[in-house]
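**Q**
In the numbering used here, the protein residues as written are 29 to 173.
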């Protein structure tokens, strides 16, 4: 279901209200004095009963301006902001180094296993070797008595 954009709806409502107001103002000149006075009074009553729209306001706590000169306070705020940022960067660098070391040790372990094996490394990339492993696993007896 399509819903109209509220900003466009408000704009269209304002345009419509201006057109109605212009037409009513043109026709007001043809009315008697008594009727125009009653309409004026009705307009004033309607405006006094109009719904007041609350405008959001930002509540701020007063800051103590006299506590420290602005230059020192801004410098201190920058230092305090930089401490957590530098701690985060140092932590990320540490974890990156630890993971790189673990990855290198795992790769070295795989390389040592491959080189110590009786099969040449090219046997592992041969498609027939995987088929051989599957058939060899099926031929082995699984139930030993």
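Glycine is no exception: its CB is placed at the ideal position from the N, C-alpha and C atoms.
Put residue 59 into one of helix, strand or coil per three-state DSSP.
**A** Coil.
**Q** For residue 86, name the three-state secondary structure that DSSP assigns.
**A** Looking at residue 86 - three-state DSSP - the assignment turns out to be coil, as it is neither helix nor strand.
**Q** Look up residue 79 in the DSSP assignment and say whether it is helix, strand or coil.
**A** Note: residue 79 maps to coil in three-state DSSP.
**Q** Going by the C-beta, is residue 108 closer than 7 Å to any heavy atom of the ligand ADP?
**A** In terms of ligand content, the structure shown is empty, and the ligand ADP therefore cannot be addressed.
**Q** Helix, strand or coil for residue 72, going by three-state DSSP, please let me know.
**A** Note: residue 72 maps to helix in three-state DSSP.
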